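Engineer: One gets the UniProt record's numbering by counting positions in the sequence shown from 1 and adding 249 to each.
Quick reminder that beta carbons are idealized off the backbone N, C-alpha and C, glycines included.
These figures come from a predicted structure and were not determined experimentally.
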Amino acid sequence: EKGGYEHFMLKEIFEQPDVMHDVMRGRVRTEEGRVVLGGIEDYLDRLKQARRIVICACGTSWHAGLIGEYLIEDFARIPVEVDYASEFRYRNPIIGPDDVVIVISQSGETADTLAALRAAKEKGAMVMGICNVVGSTIARETMCGIYTHAGPEVGVASTKAFTAQVIVLYMLALALSKGRTISHDEMRLSLKELSKVPEHAAKILELDSQIQQIADDYKDARNFLYLGRGYNFPVALEGALKLKEISYIHAEGYPAAEMKHGPIALIDEDMPVVVIATRDSSYQKILSNIEEVRSRKGRVIAIASEGDTEVARLAEHVIYIPQASAQIMPLLTVIPLQLLSYHIATLRGCNVDRPRNLAKSVTVE
Ligand code: M6R
């Protein structure tokens, strides 16, 4: 069942390169410079004309939604808002027929997400779903949608479903850009970048034993801080959530620049800080953030781009991952964070597949 792995979570982390292929299969047509998304084809024009897109979800799916916001605004230049489904449904949101509401849910059964979808429908919005479980309630009640095709996810901590959601959002952003905000060449280039992701992911998974060693050094920490900027900010949130869920260590994710507005007060030698410091337009800024942590004796575990030499001078541990465009990065930077939380949790003797107090799908409010 677990395919030789000790836990479903580890199996699902390692399945990611294959899952990534499955999500893209038949949909990504690099040579033709287009994306084919059967489940939304009839609604594509309406989607492109949306006055605004609102993404609603919970937990890890909400983190994928944040990346979706960056991707859709970046590529398709359509305004996007991301809301917790539980907040959206109760706050009397301003939604009308010109708006598109996208709900994201692995299980397709999350109570708050389902209620948000029904509320949006009632207000006349077009509702679209991104679900993993085929035929789930959310998949049935949305007008159109895209399945993530990640296969069954058993581990309570979501891993492969998240990367599949982000790939779907990347494909959606490109589909919404076609003929509007992106040239044919840019489209082909962006698709090419995407199709290289499974290979990069497989390379990152080879770092498993290095990450396990780092985990051993930090397994007794009581708190963790995760920092990232831009596309890596939602990944910092996701890394912190993974650690909390399965190791019961308190962890917070922050946009790195916000550190000086509060969390910097927490930093000392007992506060490990995971910094996602890959090479993109905010690279120099993130280096200064690492310096700020170091000068307060914080221990830094950095995720950096292959070939980087700067980060190693500053951080105590560096995990090197292949270089890719900023829009692709979350798909790569999240993998070492999944492995880090997995190993910390197992070294602490926690039941990673069935963490305390949590259910795989939250069907109650
Ligand atoms: O099935 P869904 O994607 O709607 O679930 C949403 C959250 O409950 C879920 O992502 C939760 O946060 C996970 N345990 C995260 O690992």
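If you reduce the DSSP assignment to three classes, tell me which class residue 392 lands in.
Structural biologist: Residue 392: coil per DSSP, three-state reduction.
Engineer: Please report the straight-line C-alpha distance between residue 417 and residue 393, rounded to a whole angstrom.
Structural biologist: So the alpha carbons of these two residues sit roughly 14 Å apart.
Engineer: May I ask you to verify whether the stretch 412–428 touches the stretch 264–282, counting CB pairs closer than 8 Å and requiring at least 3?
Structural biologist: Counting Cβ pairs under 8 Å, three or more are found: they touch.
Engineer: Would residue 446 pass as a contact of residue 577 if the rule is Cβ separation under 9 Å?
Structural biologist: In this structure, residue 577 lies closer than 9 Å to residue 446 by Cβ.
Engineer: Does the stretch 293–313 come into contact with the stretch 369–377, if we say contact requires no fewer than three beta-carbon pairs (one atom in each stretch) closer than 8 Å?
Structural biologist: With the cut-off at 8 Å, the stretch 293–313 and the stretch 369–377 touch.
Engineer: DSSP state of residue 476, grouped into three classes?
Structural biologist: Residue state, collapsed to three classes: strand.
Engineer: Tell me the DSSP secondary structure of residue 514 in three-state form.
Structural biologist: Helix at residue 514.
Engineer: Would you kindly work out how many angstroms separate the C-alpha atoms of residue 277 and residue 285, rounded to a whole number?
Structural biologist: Approximately 7 Å, taken between the alpha carbons.
Engineer: Can you check DSSP and say which residues form a bridge with residue 427?
Structural biologist: Partner(s): 431.
Engineer: Quick check: the stretch 304–321 against the stretch 350–366, are there 3 or more CB pairs under 8 Å?
Structural biologist: Touching, yes, given that three or more Cβ pairs across the two stretches are closer than 8 Å.
Engineer: Beta carbon of residue 317, beta carbon of residue 351: below 9 Å?
Structural biologist: Cβ distance < 9 Å, so residue 317 and residue 351 count as in contact.
Engineer: Go to residue 602, then tell me how far its alpha helix (DSSP H) extends in each direction, as first and last residue.
Structural biologist: It is not in any alpha helix (DSSP H) - residue 602 carries neither H nor E in the DSSP assignment.
Engineer: Just to confirm before moving on: does the CB-CB distance between residue 492 and residue 588 stay below 9 Å?
Structural biologist: No, they are not a contact pair.
Engineer: Is residue 358 close to the ligand M6R? I mean its beta-carbon at under 8 Å from any heavy atom of the ligand.
Structural biologist: Yes, the Cβ of residue 358 comes within 8 Å of a heavy atom of the ligand M6R.
Engineer: Around the C-beta of residue 433, are 16 or more other C-beta atoms found within 10 angstroms, so that it is buried, or is it exposed?
Structural biologist: Exposed, since its Cβ has fewer than 16 Cβ neighbours within 10 Å.
Engineer: Following the continuous alpha helix (DSSP H) through residue 615, name the residue where it begins and the one where it ends.
Structural biologist: Examination of residue 615 is not possible in this model, given that the chain is present from 250 through 614 alone.
Engineer: Going by DSSP, what residue range makes up the beta strand (DSSP E) through residue 566?
Structural biologist: Segment 566–570, the beta strand (DSSP E) holding residue 566.
Engineer: With DSSP run on the structure shown, which of helix, strand or coil describes residue 220?
Structural biologist: No information on residue 220 is available, as it lies outside the stretch 250 to 614 that the chain covers here.
Engineer: Mind listing, in chain order, the continuous beta strand (DSSP E) runs of no fewer than 3 residues lying wholly within the UniProt domain "SIS" (292–431)?
Structural biologist: 301–306, 329–333, 348–354, 375–380, 393–396, all fully within the UniProt domain "SIS" (292–431).
Engineer: Residue 373 to residue 331, Cα distance in whole Å?
Structural biologist: Those two C-alpha atoms are separated by around 18 Å.
Engineer: Consider the C-beta atom of residue 494 and the heavy atoms of the ligand M6R; say whether any pair is separated by less than 8 Å.
Structural biologist: Yes; taking the cut-off as 8 Å, the Cβ of residue 494 has a heavy atom of the ligand M6R nearer than that.
Engineer: Does the stretch 471–486 come close enough to the stretch 499–510 that 3 or more CB-CB pairs lie under 8 Å?
Structural biologist: With the cut-off at 8 Å, the stretch 499–510 and the stretch 471–486 touch.
Engineer: Starting from residue 551, trace the beta strand (DSSP E) both ways and give me its first and last residue.
Structural biologist: Counting along the chain, the beta strand (DSSP E) containing residue 551 begins and ends at 549–554.
Engineer: How many angstroms separate the CA atom of residue 455 from the CA atom of residue 591?
Structural biologist: Whole-angstrom Cα-Cα distance: 15 Å.
Engineer: Mapping the DSSP letters down to three states, classify residue 278 as helix, strand or coil.
Structural biologist: In this structure, residue 278 counts as strand in the three-state DSSP scheme.
Engineer: Closer than 8 Å by C-beta to residue 321: which residues in its own chain qualify, once you throw out the five before and the five after it? Chain order, please.
Structural biologist: If we look at residue 321 and ignore the five residues flanking it on each side, its Cβ neighbours are 302, 327, 329, 418, 421, 422, 425.
Engineer: With a threshold of 16 other CB atoms inside 10 Å of the CB of residue 608, please say whether the residue is buried or exposed.
Structural biologist: By the neighbour-count rule (16 or more Cβ atoms within 10 Å), residue 608 is not buried but exposed.
Engineer: Looking at the secondary structure, which residues open and close the alpha helix (DSSP H) in which residue 289 lies?
Structural biologist: Counting along the chain, residue 289 falls outside any alpha helix (DSSP H), and DSSP gives it neither H nor E.
Engineer: Where does residue 584 fall in DSSP's three states?
Structural biologist: Reduced to three states, the DSSP call for residue 584 is helix.
Engineer: Sorted by chain position, which residues of the same chain lie with C-beta nearer than 7 Å to residue 427's C-beta, five sequence neighbours on each side aside?
Structural biologist: The answer, listed in chain order, is 283, 436.
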